[in-house]
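Okay, so the sequence shown: first residue is 4 according to my numbering, each after it adds one.
C-beta: ideal position from N, C-alpha, C; glycine also.
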Amino acid sequence: MTQPQLLMTFDDCTVDHWFAHRGVFDDASARVTFFVSHVDRLTDDETDKLQALQRDGHTIASHGLRHLDGPHYVAQHGLAAYLEHEIEPSTAALAERGLGHRDFAYPYGRHDRATDDALTARFSWVRTTSVRHLDGRATQVLVDLDGRTRVLPSRGIDVGRRGVANLDDRATLLAVLDESARTGAGVCLYAHDIADSHQGLAEGRNFITPDRLREVLTAAQERGLAAEGFEGLPD
Ligand SMILES: [Zn+2]
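Right, here's the structure in full:
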């Protein structure tokens, strides 16, 4: 597998929509990563679809069992309870279904030193979220994937959030991809559901449209960025 340069990720559990739009990944020769929550509640059909996505070379990994805010839960119940109730059952439920890889994405992007220390001991990489800067700080999301860090920042590219359209920041995103191509640094992006605009907004989703997703993956491909799943990262 090629060393990844673009790490496109999707969070939560809209498996039917991810699967329905998998042709968008294929068309751009992109492999991506799905960070799945509530794995114990997957239907057999959803499990089959995730297995098919995994067979296509995409990475399936944990987003927590109940999508908990890690630092908040640890403050209330302790680190051991967090690992026992949120982390271990999630990876176990993935493994029972023949799914999973040793990576994790923090729900809400919420993390701190204690959760990072505990989770980087268990996972190869943990993904956080970053501010969606519109100025020069946007390139702060770029990382040396061969470096020492295992805590990966990521930029959100959903077009809508909870029923409200996000600001159109595609020019900034293209500048980030340009800089990734110029420097060789890696870039991780995240989205949630894949849905058409009217549907995503009406239903209050965090979502990207298939068209926008295609645009981003094509832009990466045109710049020569290898779009691979987390499985392609060094351990
Ligand atoms: Zn989430």
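What are the start and end residues of the beta strand (DSSP E) that includes residue i?
i, result
"residue 129", "128-130"
"residue 242", "In the structure displayed, the chain extends from 4 to 238; residue 242 sits before or after that span and is not available."
Across which residues does DSSP place residue i in a beta bridge pair?
i, result
"residue 146", "189"
"residue 63", "37"
"residue 167", "164"
"residue 196", "210"
"residue 230", "9"
"residue 154", "129"
Look at residue i and residue j and say whether their C-beta atoms are less than 8 Å apart.
i, j, result
"residue 15", "residue 195", "yes"
"residue 192", "residue 160", "yes"
"residue 7", "residue 166", "no"
"residue 2", "residue 162", "Within the shown structure, residues of the chain are numbered from 4 to 238, placing residue 2 beyond reach of any answer."
"residue 61", "residue 22", "no"
"residue 41", "residue 68", "yes"
"residue 111", "residue 72", "yes"
"residue 183", "residue 190", "yes"
"residue 113", "residue 75", "yes"
"residue 141", "residue 186", "no"
Three-state secondary structure (DSSP) at residue i?
i, result
"residue 159", "strand"
"residue 10", "strand"
"residue 134", "coil"
"residue 78", "helix"
"residue 43", "helix"
"residue 19", "helix"
"residue 172", "coil"
"residue 220", "helix"
"residue 215", "helix"
"residue 69", "coil"
"residue 238", "coil"
Over the uninterrupted alpha helix (DSSP H) stretch that includes residue i, give me the two end residues.
i, result
"residue 28", "25-30"
"residue 55", "47-58"
- Item | 3 or more residues per run - each beta strand (DSSP E) lying fully within the region 100-126 | 106-108
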